[in-house]
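Visitor: This is the structure I want to talk about, given as structure tokens.
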Amino acid sequence: MRGFKGFSSCSWAMQQHQEWAGLQSWRSPAAPPNERRRWGDAGPEMVATPLDHAGSFSPPPRSLAEWGALILATPRPLSKSHLTHHAYKLWCSGALPIGVAVAMDSPARPEKPQLVHPRRVPTAKVLGISPSVHMIHNLAHIELNAVDLAWDTVVRFSASGGELDSQFFADFAHVADDESRHFCWCEQRLKELGSSYGDVPAHNLLWKDCQKTSGSVDARLAVIPMVQEARGLDAGPRLVERLKQLGDDRSAKIVEQISQEELAHVAVGVSWFLDVCRRLECDPAARFKGG
Numbered sequence: 242m243r244g245f246k247g248f249s250s251c252s253w254a255m256q257q258h259q260e261w262a263g264l265q266s267w268r269s270p271a272a273p274p275n276e277r278r279r280w281g282d283a284g285p286e287m288v289a290t291p292l293d294h295a296g297s298f299s300p301p302p303r304s305l306a307e308w309g310a311l312i313l314a315t316p317r318p319l320s321k322s323h324l325t326h327h328a329y330k331l332w333c334s335g336a337l338p339i340g341v342a343v344a345m346d347s348p349a350r351p352e353k354p355q356l357v358h359p360r361r362v363p364t365a366k367v368l369g370i371s372p373s374v375h376m377i378h379n380l381a382h383i384e385l386n387a388v389d390l391a392w393d394t395v396v397r398f399s400a401s402g403g404e405l406d407s408q409f410f411a412d413f414a415h416v417a418d419d420e421s422r423h424f425c426w427c428e429q430r431l432k433e434l435g436s437s438y439g440d441v442p443a444h445n446l447l448w449k450d451c452q453k454t455s456g457s458v459d460a461r462l463a464v465i466p467m468v469q470e471a472r473g474l475d476a477g478p479r480l481v482e483r484l485k486q487l488g489d490d491r492s493a494k495i496v497e498q499i500s501q502e503e504l505a506h507v508a509v510g511v512s513w514f515l516d517v518c519r520r521l522e523c524d525p526a527a528r529f530k531g532g
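Numbering (my numbering), first residue to last: 242 to 532.
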């Protein structure tokens, strides 16, 4: 078994109580934050991240949880992405404690995209846009939500009273940073295709799942990284193939890279779900199936 592939693979991991082989490398404190936040001609390339108004807060956030709360309250998608990277770099430098902050009911959002019922998200044909724009916009929306979902996990469970160790918060700050980079790639590609994030209506289903799991860390882990992220792993190859069929190899390569990196996020969810179940002295497979 070389990696997790959706529900069946999550169940396999729980039954075997084994970790994905790449998890420790992904977690390594020796690995610097990933600065490859622009998609170049040959793939991801390093670029300086604008700090926007990162230094203008008075007083500035003094902990990882406080940074997470501020980012959740930031409506502009690119500002949210840049601040996420800035906060994660501060955390990696050792400049921040975990701290405690209060989670919002819902994150700040821009005026667009319009949020509709999942079944009412219009097709590319109805909107008169290219299928590539439609698919990359949908992915950008997922990645932006994933940034907020990761930070909400950090902030909401920051008051756990020591029940979760620092690696838990380090992992989900890392996930947030990865997702912010993925959003940057998608937004860049949308611009190249003559569009922008917000141009296509989207749904709010991902955040509703987050709200349903706000009172339980094991439920959060089961639903967000182990279901939502795992679904993304399953859908990734199909999306890559569809984009290739459209002749959009550049978008296909972006999606392929994102899918590869999402593997770590499912692995993190499985690892912490198993850890929490051990502490609760419950069977992980039964807990996962039963919600």
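Glycine included, C-beta positions come from ideal geometry on N, C-alpha and C. Remember, it's a predicted structure, so these values are computed and weren't measured experimentally.
#1: Use the C-beta contact count for residue 527: other C-beta atoms within 10 angstroms, 16 or more gives buried, fewer gives exposed.
#2: Quick check: the Cα distance between residue 484 and residue 279, rounded to an integer number of angstroms?
#3: If you draw a straight line from the alpha carbon of residue 337 to that of residue 364, how long is it in whole angstroms?
#4: Out of 400, 433, 299, state which residue places its alpha-carbon closest to the alpha-carbon of residue 227.
#5: Return helix, strand or coil for residue 405, following the three-state DSSP convention.
#6: Quick check on DSSP: helix, strand or coil for residue 277?
#7: May I ask you to list the residues that DSSP assigns as paired with residue 285?
#8: In the DSSP assignment, find the alpha helix (DSSP H) that holds residue 513 and state where it starts and stops.
#9: Where do the N-terminal and C-terminal ends of the alpha helix (DSSP H) with residue 352 fall, by residue?
#10: Compare the C-alpha of residue 211 against each of 499, 340, 316 and name the closest.
#11: For a quick check, are the C-beta atoms of residue 328 and residue 396 less than 7 Å apart?
#12: On the criterion of 16 or more Cβ atoms from any shown chain inside 10 Å, does residue 478 qualify as buried, or is it exposed?
#13: Applying the criterion that 16 or more other CB atoms from any shown protein chain within 10 Å of the CB defines a buried residue, is residue 559 buried or exposed?
#14: Classify residue 534 as helix, strand or coil using the three-state DSSP reduction.
#15: Rounded to the nearest angstrom, what separates residue 345 and residue 313 at their Cα positions?
#16: So what does DSSP say about residue 443, is it helix, strand or coil?
#17: Which of the three DSSP states is assigned to residue 329 in this structure?
#18: Quick one: what does DSSP say residue 422 is sitting in, helix, strand or coil?
#19: How would you label residue 523, buried or exposed, when you count the other beta carbons within 10 angstroms and need 16 or more for buried?
#20: For residue 451 versus residue 390, is the C-beta spacing smaller than 7 Å?
#21: Would you say the region 257-276 touches the region 498-518, given that touching needs at least three Cβ pairs under 8 Å?
#22: Determine, using beta carbons only, whether residue 417 and residue 388 come nearer to each other than 7 Å.
#23: Return the chain-ordered list of same chain residues with a C-beta closer than 6 Å to the C-beta of residue 547, the five sequence neighbours on each side being excluded.
#24: Suppose the cutoff is 8 Å on Cβ atoms and the five residues either side in sequence are ignored; what does the same chain contact list for residue 442 look like?
#25: With residue 412 and residue 268 assumed to form a contact (beta carbons below 8 Å), what rounded beta-carbon distance in angstroms separates them?
#26: Please tell me whether residue 436 and residue 322 are closer than 7 Å, where the distance is taken between their beta carbons.
#27: If you compare alpha carbons, which of 405, 453, 480, 454 is closest to residue 519?
#28: If residue 335 and residue 305 are in contact, beta carbons under 8 Å, what's the gap, nearest whole angstrom?
#29: Counting only C-beta atoms, is residue 279 closer than 7 Å to chain D at any point?
#30: Using a Cβ-Cβ cut-off of 6 Å (strictly less than) and excluding sequence neighbours within five positions of residue 285, which residues of its own chain qualify?
Guide: Taking the structure as given:
#1: exposed
#2: 20 Å
#3: 44 Å
#4: The question about residue 227 has no answer here: the residues shown for the chain are numbered 242 through 532.
#5: coil
#6: coil
#7: 280
#8: 490-521
#9: Note, residue 352: premise wrong, no alpha helix (DSSP H); not H, not E.
#10: This structure leaves residue 211 out entirely; the chain is present only between 242 and 532.
#11: no
#12: exposed
#13: With the chain covering only 242 through 532, there is no way to say anything about residue 559.
#14: Residue 534 lies beyond the residue range present for the chain, which begins at 242 and ends at 532; the question has no answer from this structure.
#15: 7 Å
#16: strand
#17: helix
#18: helix
#19: exposed
#20: yes
#21: yes
#22: yes
#23: Limits of the chain in this structure are 242 at one end and 532 at the other, which puts residue 547 out of reach.
#24: 354, 355, 356, 357, 361, 362, 363
#25: 7 Å
#26: no
#27: 405
#28: The pair is not a contact, with the Cβ atoms about 11 Å apart (cut-off 8 Å).
#29: Chain labels in this structure do not include chain D; a single protein chain is all it has.
#30: 277
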